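Student: What follows is a structure written as structure tokens; I'll ask about it next.
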């Protein structure tokens, strides 16, 4: 996958930037939500997690970002085991988490919102370099730089959140339901921006309820069910699978047609 431009600090990496290996996780004393889950994110890729409500998709991102400690398993970022680290340490390791819904500060300007993402960066020239990068990557951010964030549309606010997440030059951006609450046009724009992030050198781990749109955007996909990876592989292959389409994408298989076999492994996503 080509890279049109590269953000500050986005250098080459090994086979995977992020690995969640045999993760078991849950909330409090409740039953496990994730049960032996393994997900891997290669460089310069969009990996999407799809599946029914309650499958554990958002929990995967919470574990990856340090918001929820796994009960067992490993989290590896750029070859380093970071299991058990807190959110701030995960951010420093290269994982930036964009939460569900809108998280802009509406009474602050777009510029102020974006620059908050660099609050840990002490070098002003580095902050300026990163700000120039995200302004170039997201034209609406540059155009509305001095505007109050609260006057922007939902889709524009989401781009501000994307820009803020890139101010720390992350290895991987964790996106949780970026199309939530957006109309179809804004949703299309948001997914276009996801691809721009990938093409600029940042990998994306995407959770999205709109499974079809997510798989059309992603390079690789994982279908989750009951806290496990039910099937994984190239997103285009998952999208074309009639059995998965019937179960998870709302497609109906033609009468009399046989189910298409699915696999639980792929060359880039070993079980």
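In our numbering, the protein residues as written are 93 to 363. Beta carbons: idealized from backbone N, C-alpha and C, even for Gly. Bear in mind the structure is a predicted one, so any value in this text is a computation, not a measurement.
1) Rounded to a whole number of angstroms, what is the C-alpha to C-alpha distance between residue 365 and residue 241?
2) Going by DSSP, which residues form a beta bridge with residue 322?
3) Expressed to the nearest angstrom, what Euclidean distance is found between the alpha-carbon atoms of residue 362 and residue 203?
4) Residue 170: beta carbon under 7 Å from a heavy atom of the ligand MG?
5) Residue 139 to residue 297, Cα distance in whole Å?
6) Beta-carbon separation of residue 319 and residue 274 under 8 Å?
7) Under the DSSP definition of a beta bridge, which residues are partnered with residue 189?
8) Residues in the same chain with beta-carbon distance under 6 Å from residue 96, minus the five sequence neighbours each way, listed in chain order, please.
9) Pick from 331, 317, 313, 189: whose alpha carbon is nearest that of residue 324?
10) Under 8 Å, do residue 210 and residue 260 count as touching if we go by C-beta distance?
11) Check whether chain B comes within 8 Å of residue 329, counting only Cβ atoms and requiring the distance to be less than that.
12) My assumption, with CB atoms under 8 Å, is that residue 141 sits in contact with residue 130. Please give the rounded CB distance.
13) Check residue 260 in the structure and name its three-state DSSP category.
14) On the CB-based measure, 16 or more other CB atoms within 10 Å of its CB, does residue 169 come out buried or exposed?
15) Where do the N-terminal and C-terminal ends of the alpha helix (DSSP H) with residue 307 fall, by residue?
16) In chain order, what residues of the same chain have a beta carbon less than 8 Å from the beta carbon of residue 195, not counting five sequence neighbours either side?
17) Would you report the Cα separation of residue 266 and residue 286, rounded to the nearest angstrom?
18) Using alpha carbons as the reference points, say which of 278, 137, 236, 150 lies closest to residue 117.
19) Would you kindly work out how many angstroms separate the C-alpha atoms of residue 200 and residue 255, rounded to a whole number?
20) Since residue 109 contacts residue 135 with CB under 8 Å, what's their CB separation in whole angstroms?
21) Using the Cα positions of residue 263 and residue 317, report the straight-line distance between them to the nearest angstrom.
22) Does residue 164 come out as helix, strand or coil in the three-state DSSP assignment?
23) Would you call the stretch 156–167 and the stretch 185–193 touching, i.e. three or more CB-CB distances under 8 Å?
Tutor: Once the coordinates are examined:
1) Residue numbering for the chain in the displayed model covers 93 to 363; residue 365 lies beyond these limits and cannot be assessed.
2) Taking the chain shown and counting its residues from 1, the one referred to as residue 322 is at position 230. In DSSP, residue 322 forms no bridge with anything.
3) In the chain shown, the residue the question calls residue 362 occupies position 270. In the chain shown, the residue the question calls residue 203 occupies position 111. Any answer about residue 362 is weak, because its pLDDT of 32 lies below 50 and its placement is not dependable; what the coordinates show is given next. Straight through space, the alpha carbons of residue 203 and residue 362 are spaced by roughly 42 Å.
4) In the structure shown, the ligand MG is absent, as is every other ligand, since no ligand is present at all.
5) Residue mapping note: residue 139 aligns to position 47 of the chain shown, counting from 1. Residue mapping note: residue 297 aligns to position 205 of the chain shown, counting from 1. Their Cα atoms are separated by approximately 5 Å.
6) Your numbering for residue 319 matches position 227 in the chain shown. Your numbering for residue 274 matches position 182 in the chain shown. Taking 8 Å as the cut-off, the Cβ atoms of residue 319 and residue 274 do not count as close.
7) For the purposes of this step, residue 189 is identified with residue 97 of the chain shown, where counting begins at 1. According to DSSP, residue 189 bridges with 266.
8) Residue numbering aside, residue 96 sits at position 4 when the chain shown is read from its first letter. Note that residue 96 has pLDDT 36, beneath the 50 cutoff, so the model's placement of it is unreliable and the number below is only indicative. Once the five neighbours on either side are set aside, the close Cβ partners of residue 96 are 291.
9) As a position in the chain shown, residue 324 is number 232, starting the count at 1. Just measuring C-alpha positions, the residue of 331, 317, 313, 189 sitting nearest residue 324 is 313.
10) In the chain shown, counting from the first residue as 1, residue 210 sits at position 118. In the chain shown, counting from the first residue as 1, residue 260 sits at position 168. Less than 8 Å separates the beta-carbon of residue 210 from that of residue 260.
11) In the structure shown, chain B does not exist; there is a single protein chain.
12) On the chain shown, position 49 is the one that residue 141 refers to. On the chain shown, position 38 is the one that residue 130 refers to. Their Cβ separation, rounded to whole angstroms, is 12 Å, which puts residue 141 and residue 130 out of contact at 8 Å.
13) Counting from one through the chain shown, the residue named residue 260 turns up at place 168. Here DSSP, grouped into helix, strand and coil, assigns residue 260 to helix.
14) As a first step, residue 169 is located in the chain shown; it is residue number 77 there, counting from the start. Buried, by the Cβ-count rule.
15) The sequence position of residue 307 within the chain shown is 215, counting from 1. That run of the alpha helix (DSSP H) goes 303–309.
16) Mapped onto the chain shown, residue 195 falls at position 103. Answer for residue 195: 253, listed in chain order.
17) As a first step, residue 266 must be located in the chain shown, where it is residue number 174. As a first step, residue 286 must be located in the chain shown, where it is residue number 194. One C-alpha to the other measures close to 11 Å.
18) As a first step, residue 117 is located in the chain shown; it is residue number 25 there, counting from the start. Closest option to residue 117, Cα to Cα, is 150.
19) Reading the chain shown from its first residue, position 108 is the one you call residue 200. Reading the chain shown from its first residue, position 163 is the one you call residue 255. The straight-line gap from Cα to Cα measures roughly 15 Å.
20) Here residue 109 refers to the residue found at position 17 when the chain shown is read from its first residue. Here residue 135 refers to the residue found at position 43 when the chain shown is read from its first residue. In this structure residue 109 is in contact with residue 135, their Cβ atoms being roughly 5 Å apart against a cut-off of 8 Å.
21) Reading the chain shown from its first residue, position 171 is the one you call residue 263. Reading the chain shown from its first residue, position 225 is the one you call residue 317. If you draw a straight line from the Cα of residue 263 to the Cα of residue 317, it comes to about 27 Å.
22) The count along the chain shown starts at 1 and reaches residue 164 at position 72. In the structure shown, residue 164 sits in a strand (DSSP, three-state: E or B).
23) Three or more Cβ pairs drawn from the stretch 156–167 and the stretch 185–193 lie within less than 8 Å of each other, which places the two stretches in contact.
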